[in-house]
Amino acid sequence: MPLEIEQFPCRDDNFGVLIHDPEARATASIDAPEFQPIVDHLAERGWGLDTILVTHHHADHVEANLTLKTAYECTIIGPARSVDQIPGIDKTVNEGDSFTFGSYDVRVIATPGHTLDHIGYYLPTAKVAFVADTLFALGCGRVFEGTPEMMWGSLEKLMALPDDTMVYCGHEYTQANAQFALTIEPDNPELVARAKEIDALRAAGKPTLPTTIGREKATNPFLRVDEPGIRQRLRLEHATPAEVFAEIRSRKDNF
Numbered sequence: 002m003p004l005e006i007e008q009f010p011c012r013d014d015n016f017g018v019l020i021h022d023p024e025a026r027a028t029a030s031i032d033a034p035e036f037q038p039i040v041d042h043l044a045e046r047g048w049g050l051d052t053i054l055v056t057h058h059h060a061d062h063v064e065a066n067l068t069l070k071t072a073y074e075c076t077i078i079g080p081a082r083s084v085d086q087i088p089g090i091d092k093t094v095n096e097g098d099s100f101t102f103g104s105y106d107v108r109v110i111a112t113p114g115h116t117l118d119h120i121g122y123y124l125p126t127a128k129v130a131f132v133a134d135t136l137f138a139l140g141c142g143r144v145f146e147g148t149p150e151m152m153w154g155s156l157e158k159l160m161a162l163p164d165d166t167m168v169y170c171g172h173e174y175t176q177a178n179a180q181f182a183l184t185i186e187p188d189n190p191e192l193v194a195r196a197k198e199i200d201a202l203r204a205a206g207k208p209t210l211p212t213t214i215g216r217e218k219a220t221n222p223f224l225r226v227d228e229p230g231i232r233q234r235l236r237l238e239h240a241t242p243a244e245v246f247a248e249i250r251s252r253k254d255n256f
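The opening residue of the sequence shown carries number 2 in the numbering used here; numbering runs sequentially from there.
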């Protein structure tokens, strides 16, 4: 039976995500942004909670760790680098580690930049990646703790995943990201069409996620730093990919 995935809003613009292996009857929460929505969706589906997979230490991703652990006696897995900043952590993981969730292999991808400890979780047989605040639909996370070069290296790792990989992100930022993306590559017909689709989804109160690696590579300016049109528009024809990324990130920070 395929992996079941439940996505729902939390806080102001976070997403909660639950994954469930029906064969093993195992359930995990990707991060723990808010207690009540997670509990409500678990109850609605009739699931328990075995595991919390933490991507990084920011408060809006770990706020409900301890209350969920008390309620469900679940195991909390997270990045080793921030073991002292993640409430209730039981097991630490690093780049290249893998472990089993139900009948699925989970691979850990270190994606520093937004924070130094940021990791993603990739389930190859399910063709799904949980990337939190490293990659967004049509965007990427702000570089708070790392460097632009570090963040670009993290995005390159995600770009190397198969194009049909489904991507779940930490926040609903897509409409604002689309508005910015059009300032970087206004002549990209796929981006123009996607921006209209996003406006329609948001007007209907629907989420814009998940996305796919292939779709992001075709429309997300942060992943398209080698496109001649973007380089020409930014007057960075001879810059390195990391330098083009840094310029786009700087422009988004001030957008």
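Built from N, CA and C at the ideal position, the CB exists for glycine as well. Treat the numbers as computed from the prediction; the structure is a model and nothing was measured.
Segment limits, alpha helix (DSSP H) that includes residue i
| i | result |
| --- | --- |
| GLU244 | 242-254 |
| PRO149 | 149-160 |
| GLY89 | Note, GLY89: premise wrong, no alpha helix (DSSP H); not H, not E. |
| TYR73 | 66-73 |
| LEU235 | 229-235 |
Cα-Cα separation between residue i and residue j, rounded to whole angstroms
| i | j | result |
| --- | --- | --- |
| GLU146 | LYS207 | 32 Å |
| LYS161 | HIS115 | According to the sequence shown, residue 161 is Ala rather than Lys. Those two C-alpha atoms are separated by around 19 Å. |
| ASN95 | ARG82 | 8 Å |
| ILE185 | ASN178 | 11 Å |
| ALA29 | ILE53 | 5 Å |
| ARG46 | ALA240 | 50 Å |
| ASP91 | TYR73 | 14 Å |
| ALA60 | TRP48 | 25 Å |
| ALA133 | LEU139 | 14 Å |
| PRO211 | ALA201 | 16 Å |
| ASP118 | PRO80 | 6 Å |
| ALA33 | HIS42 | 13 Å |
Extent of the continuous beta strand (DSSP E) to which residue i belongs
| i | result |
| --- | --- |
| PHE131 | 129-133 |
| HIS21 | 15-22 |
| VAL63 | Careful: VAL63 lies outside any beta strand (DSSP E), inside the alpha helix (DSSP H) at 60-63. |
| LEU43 | Here LEU43 belongs to no beta strand (DSSP E); instead the alpha helix (DSSP H) covers 36-46. |
| LEU124 | 120-124 |
| LEU54 | 52-54 |
| THR28 | 27-31 |
Secondary structure of residue i, DSSP reduced to three states
| i | result |
| --- | --- |
| ASN95 | coil |
| VAL84 | coil |
| GLU7 | strand |
| ARG108 | strand |
| PHE100 | strand |
| PHE145 | coil |
| THR116 | coil |
| THR220 | helix |
| THR76 | strand |
| LEU139 | coil |
| MET2 | coil |
Own chain residues within Cβ distance below 7 Å of residue i, not counting five before or after
| i | result |
| --- | --- |
| LYS158 | ILE110, THR112 |
| LEU224 | LEU156, MET160, GLU217, LYS218 |
| PRO242 | TRP153, VAL226, ASP227 |
| GLN86 | HIS58 |
| LEU192 | ALA182, LEU183, GLU186, THR220 |
| ALA196 | ALA179, LEU183 |
| GLY230 | GLU186, ASP188 |
Any chain B beta carbon closer than 8 Å to residue i
| i | result |
| --- | --- |
| LEU136 | No chain B is present in this structure, which holds just one protein chain. |
Own chain, CB closer than 6 Å to residue i, minus 5 neighbours either side, in chain order
| i | result |
| --- | --- |
| ASP306 | Nothing can be reported for residue 306, as the shown portion of the chain is limited to 2 through 256. |
| ASP98 | VAL109 |
| LEU124 | TYR105, VAL107 |
| PHE181 | LYS253, PHE256 |
| ASP14 | HIS172, GLU173 |
| ILE6 | ILE20 |
| GLY89 | ASN66, LEU67, LYS70, ILE77 |
Sequence-distant residues of its chain with Cβ nearer than 8 Å to residue i (five each side left out)
| i | result |
| --- | --- |
| TYR122 | ILE31, LEU54, THR56, VAL107, ARG108, VAL109, ILE110, ALA130, PHE131 |
| PRO10 | PHE16, GLY17, PRO38, GLU173, PRO208 |
Task: Length-filtered (3 minimum) beta strand (DSSP E) runs lying within the segment 169-217 - done: The qualifying runs do not exist here; there are none.
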